[in-house]
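In what follows, a structure is listed as structure tokens, so that the remarks can point back to it.
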Amino acid sequence: MGPCKETTDLAPASSCGVPTFPPNLSARVVGGDNARPHSWPWQISLQYLKNDTWRHTCGGTLIASNYVLTAAHCISNTLTYRVALGKNNLAVADEEGSLYVGVDTIFVHEKWNSFLLRHGNDIALIKLAESVELSDTIQVACLPAEGSLLPQNYSCYVTGWGLLWTNGPIADELQQGLQPVVDHSTCTQWDWWGALVRNTMVCAGGDGVISACNVSVQALHPIPTPDSQTEAGQ
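In our numbering, the protein residues as written are 342 to 575.
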């Protein structure tokens, strides 16, 4: 792990965030629901090796053919990682359209401190051991423009293989859940998150049913138009 000194070409807006199999966004999901297979084709599973078995630890987002965005708290310098792409069901090792890629380098935000969570910076960039070929099941997400802000109640979805319910089992199939954006002025109120919220964070949800712990581990996707989707947070 080390400081990120490399550059990479990110996908232009015209070639990112458009799944071959559009997600089912027709109704509000309560507590999360199974996602349509491969409808979030930039979703990845970060896996670590333990006792000769690969285990899911966190989600993440493919943002270039050889880079993945994930959370810093998912990373340990004592573990060996790989990235699973094109996955829907983690219980199916040889799932059609999926592949596994090793990790070249992990760049954790230099100001990340697991003992000072309120300071934020919970973000990491993973350089894959090789570039992946994009397909119907593996695509890259768009990144938002610098300084862009999402308005109150803007529709976002969390996705991942988190807990199906509090203290429940981890999902085998990819889950999705609607998380409307909560604006900064609301989220910083004392009965919300108060002083823990920073202006670099995206605040969403709050219905007490769907959460990024129960539905997902990582990805938050705004839904700006029917044509493209953007990665907003990890």
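By construction, the Cβ of each residue, glycine as well, lies at the ideal position given by its N, Cα and C atoms. If you're wondering where the values come from, they're calculated on a predicted model, not measured in any experiment.
query: Can you give the Cα-Cα distance for C415 and C399, rounded to whole angstroms?
result: In the sequence shown, the residue the question calls residue 415 occupies position 74. In the sequence shown, the residue the question calls residue 399 occupies position 58. So the alpha carbons of these two residues sit roughly 6 Å apart.
What first and last residue would you give for the alpha helix (DSSP H) that runs through H525?
Walking along the sequence shown from the start, residue 525 turns up at place 184. H525 to C528 is the extent of the alpha helix (DSSP H) around H525.
| task | Specify the secondary structure class of C497 as computed by DSSP and reduced to three states. | result | On the sequence shown, residue 497 is found 156 positions in, with the first residue counted as 1. In this structure, C497 counts as strand in the three-state DSSP scheme.
Along the chain, where does the beta strand (DSSP E) that runs through W381 open and close? The residue labelled residue 381 in the question sits at position 40 within the sequence shown. Counting along the chain, W381 falls outside any beta strand (DSSP E), and DSSP gives it neither H nor E.
For V444, list the residues DSSP reports as bridge partners. Indexing the sequence shown from 1 puts residue 444 at position 103. Bridge partners of V444: L469.
If you run the structure through DSSP and keep just helix, strand and coil, what is L505?
Residue mapping note: residue 505 aligns to position 164 of the sequence shown, counting from 1. It is coil, neither helix nor strand.
Q. Nearest to K452 by alpha carbon, out of G461, T446 and A482?
A. Position 111 of the sequence shown, counted from the start, is the residue given in the question as residue 452. Of the candidates G461, T446 and A482, the one whose C-alpha sits nearest the C-alpha of K452 is G461.
- Would L537 pass as a contact of R459 if the rule is Cβ separation under 8 Å? Here residue 537 corresponds to residue number 196 of the sequence shown, with the count starting at 1. Here residue 459 corresponds to residue number 118 of the sequence shown, with the count starting at 1. In this structure, R459 lies closer than 8 Å to L537 by Cβ.
Run through the DSSP bridge pairs and tell me what Q388 is partnered with.
In the sequence shown, the residue the question calls residue 388 occupies position 47. Partner(s): H397 and R423.
*asked:* Using the three-state DSSP reduction, which class does C415 fall into: helix, strand or coil?
replied: For this step, residue 415 is matched to residue 74 along the sequence shown. Helix at C415.
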